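A.B. asks: Those letters in the sequence shown? Residues 35 to 334, per the working numbering, in order.
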Amino acid sequence: MLIEVYDVGGTLIRGAVGYLREKVTFLEKVQEPTEKDFCAQIRRLSPNLRKAHKPDLVSIIVPGPVKEGVLLKAPPLGITSPININYELSSFDKKVYVGNDLNAAVQAELSEGIGKYVENFYLLTISTGIGAGIVLNGIPVSGTSGEFGHNVIERYWGLHIECGCGNSGCWGAMCSGKGIEMLARKYLHKRFSPKEVFGLGEIGNRDAKDLISKVRDYNAQGIGMMVNAFEVDKIAVMGSIGLKQFDKIIPSKEEISRYTVNKIPDIIPTSLGDDIGLIGAYYYGMLHTSDVLREELAKK
Ligand SMILES: [Zn+2]
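1. Where do the N-terminal and C-terminal ends of the alpha helix (DSSP H) with V249 fall, by residue?
2. I want to check one thing, is the minimum distance from the CB of H184 to the heavy atoms of ligand 1 below 7 Å?
3. Shortest alpha-carbon distance to G103 belongs to which of E330, Y318 and L331?
4. Please name the residue or residues paired with G133 in a DSSP beta bridge.
5. Tell me whether I164 sits in a helix, a strand or coil according to DSSP, three-state version.
6. Identify every residue that forms a DSSP beta bridge with K128.
7. Is C204 near ligand 1 - that is, is its Cβ less than 7 Å away from at least one heavy atom of it?
8. Spell out the partners DSSP gives G57 in its beta bridges.
9. Is DSSP giving T159 helix, strand or coil here?
10. At a cut-off of 7 Å, is N201 close to ligand 1 when judged by its beta-carbon and the heavy atoms of the ligand?
11. Going straight from the alpha carbon of V132 to that of S93, what length do you get?
12. Just checking C197 against ligand 1 - is the residue's beta carbon closer than 7 Å to any of the ligand's heavy atoms?
13. Within its chain, find whatever has a CB closer than 6 Å to the CB of I257; leave out the 5 residues flanking it on each side and keep chain order.
14. Taking all protein chains shown into account, do 16 or more other C-beta atoms lie within 10 angstroms of the C-beta of N82, making it buried, or fewer, making it exposed?
15. Once you ignore the five residues that flank P285 on each side, which residues in its own chain have a CB closer than 6 Å to its CB?
16. Rounded to whole angstroms, how far is the Cβ of Y350 from the Cβ of M259, which I believe are closer than 8 Å?
17. If you pair each beta-carbon of the region 68-83 with each one of the region 307-318, do three or more pairs fall below 8 Å?
18. Express the C-alpha separation of L327 and K282 in angstroms, rounding to a whole number.
19. Do the CB positions of V186 and C209 come within less than 8 Å of each other?
20. Under the criterion of a Cβ to heavy atom distance below 7 Å, does A207 qualify as lining ligand 1?
21. How close, in whole Å, do the beta carbons of T59 and Y53 come, if the pair is a contact with beta carbons under 8 Å?
22. Are the C-beta of G273 and some C-beta of chain D separated by less than 8 Å?
23. Roughly how far, in whole angstroms, is the beta-carbon of G147 from the beta-carbon of S305, given that I think they are within contact range, below 8 Å?
24. Go to I301, then tell me how far its beta strand (DSSP E) extends in each direction, as first and last residue.
25. Would you mind reading off the limits of the alpha helix (DSSP H) that contains K278?
26. What residue from E56, R48, K57 and L106 has the CA that sits closest to V64's CA?
27. Can you say whether D41 is buried or exposed, counting buried as having 16 or more other CB atoms within 10 angstroms of its CB?
28. Check whether the Cβ atoms of I302 and A270 sit closer than 8 Å, and answer yes or no.
29. Three-state secondary structure (DSSP) at C73?
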């Protein structure tokens, strides 16, 4: 089954065409900054992926809750009202399926990542937001569980940052990419991107180093809360900040031990790297292959 997949992220949109044989293999790939009208962007990118390939279906994953092809909201994309993606892409000749990015990434990790070795794990994403997928006894926990990013970790007035959920001091508000930008305004008194903050830390800027150690300690508390909730075998980390700055922002077991009574598992960057979303989108598409085959048969 050839599937055209898209991973719509807060910063980048990735697209690919691939098939599954033991593991997902991509034949074509595209990547560029996400535009405000990402549906128009997908319509524009699609012909490049289809030049030499005819996909059987299209699978798109997005950073927000989805109901029957409608993205209800997506704070990382600045989207606050629903977008009917199925309607926007109704000109496609193949069926389009839309799913949530974290659920899809959990499926990828389960099929091709640490899920091959352990039955209980977290997939922690640190990107434009913070959240975690939970797998217990080899089965993903569904629904709205894993909103660890909205645990309040900073309660002091003046130190906390407002969160999109309406609260203040949430882990995601403090330590996501956006959070690090806001912390830079607070402590470095200037607008800096997360990349610039980490770059300043590397060349020894003291304020930047202090900021990064604050983030690391908040992360120790956040991960400690996760370990208190479920004693898992491993934690895999994904997301642009989580992967690129892993060594700087992921605390040691000793640092986390201040915040949990449970045994702290090994924490590793996902072995699937930046492709985790595309691989997840493929597995999400796979769930619908029987619908597509049924329709093809009905046409004959
Ligand atoms: Zn929040």
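We put the beta carbon where it would ideally sit given N, CA and C, even for glycine.
Fair warning: this is a prediction, and the values are worked out from it, not measured in the lab.
C.D. replies: The structure says:
1. Counting from 1 along the sequence shown, the entry for residue 249 is found at position 215. V249 -> alpha helix (DSSP H) spans R240 to A263.
2. Your numbering for residue 184 matches position 150 in the sequence shown. Correct: H184 has its Cβ closer than 7 Å to ligand 1.
3. Here the question's residue 103 lines up with position 69 in the sequence shown. Closest by alpha carbon: Y318.
4. As a first step, residue 133 is located in the sequence shown; it is residue number 99 there, counting from the start. According to DSSP, which records beta bridges pairwise, G133 is partnered with I95.
5. On the sequence shown, residue 164 is found 130 positions in, with the first residue counted as 1. Here I164 sits in strand by DSSP.
6. Here residue 128 corresponds to residue number 94 of the sequence shown, with the count starting at 1. DSSP, once it has assigned bridges, lists no residue as partnering K128.
7. Position 170 of the sequence shown, counted from the start, is the residue given in the question as residue 204. It does: the Cβ of C204 is within 7 Å (strictly closer) of some heavy atom of ligand 1.
8. The count along the sequence shown starts at 1 and reaches residue 57 at position 23. The question names Gly, yet the displayed sequence has Lys at residue 57. K57 pairs with R55.
9. One-based indexing of the sequence shown puts residue 159 at position 125. Of the three classes helix, strand and coil, the one that applies to T159 here is strand, per DSSP.
10. By one-based count along the sequence shown, residue 201 stands at place 167. Yes, Cβ of N201 sits closer than 7 Å to a heavy atom of ligand 1.
11. The sequence position of residue 132 within the sequence shown is 98, counting from 1. The sequence position of residue 93 within the sequence shown is 59, counting from 1. Their Cα atoms are separated by approximately 6 Å.
12. For this step, residue 197 is matched to residue 163 along the sequence shown. Yes, the beta carbon of C197 sits closer than 7 Å to at least one heavy atom of ligand 1.
13. Along the sequence shown, one-based indexing puts residue 257 at 223. Correct list, in chain order: I290.
14. Within the sequence shown, residue 82 is the residue found at index 48, counting from 1. Looking at its Cβ environment, which holds fewer than 16 other Cβ atoms inside 10 Å, N82 is exposed.
15. Here the question's residue 285 lines up with position 251 in the sequence shown. Cβ within range, chain order: R250, N253 and A254.
16. As shown, the chain starts at 35 and ends at 334. That puts residue 350 outside it, with no answer to give.
17. no
18. Mapped onto the sequence shown, residue 282 falls at position 248. Mapped onto the sequence shown, residue 327 falls at position 293. Straight-line Cα distance between these residues: approximately 47 Å.
19. Working through the sequence shown from its first residue, we reach residue 186 at position 152. Working through the sequence shown from its first residue, we reach residue 209 at position 175. No, the Cβ-Cβ distance between V186 and C209 is not below 8 Å.
20. Translated into the one-based positions of the sequence shown, residue 207 becomes position 173. A207: yes, Cβ under 7 Å from ligand 1.
21. Start at 1 with the first residue of the sequence shown, and residue 59 comes out as number 25. Start at 1 with the first residue of the sequence shown, and residue 53 comes out as number 19. Going by Cβ atoms, the distance from T59 to Y53 rounds to 6 Å, so yes, they are a contact pair.
22. Here chain D cannot be found, since the structure has a single protein chain.
23. Start at 1 with the first residue of the sequence shown, and residue 147 comes out as number 113. Start at 1 with the first residue of the sequence shown, and residue 305 comes out as number 271. Indeed, because the Cβ distance is near 5 Å, the residues count as touching under 8 Å.
24. Residue mapping note: residue 301 aligns to position 267 of the sequence shown, counting from 1. Counting along the chain, the beta strand (DSSP E) containing I301 begins and ends at D300 to P303.
25. Walking along the sequence shown from the start, residue 278 turns up at place 244. Run containing K278: S274 to K278, per the alpha helix (DSSP H) assignment.
26. Position 30 of the sequence shown, counted from the start, is the residue given in the question as residue 64. When only C-alpha atoms are compared, the closest one is R48.
27. What you label residue 41 is simply residue 7 of the sequence shown in a count that begins at 1. Answer is buried; the Cβ neighbour count reaches 16.
28. To locate residue 302, count along the sequence shown from 1; it is residue 268. To locate residue 270, count along the sequence shown from 1; it is residue 236. For I302 and A270, yes; Cβs fall inside 8 Å.
29. In the sequence shown, the residue the question calls residue 73 occupies position 39. Helix at C73.
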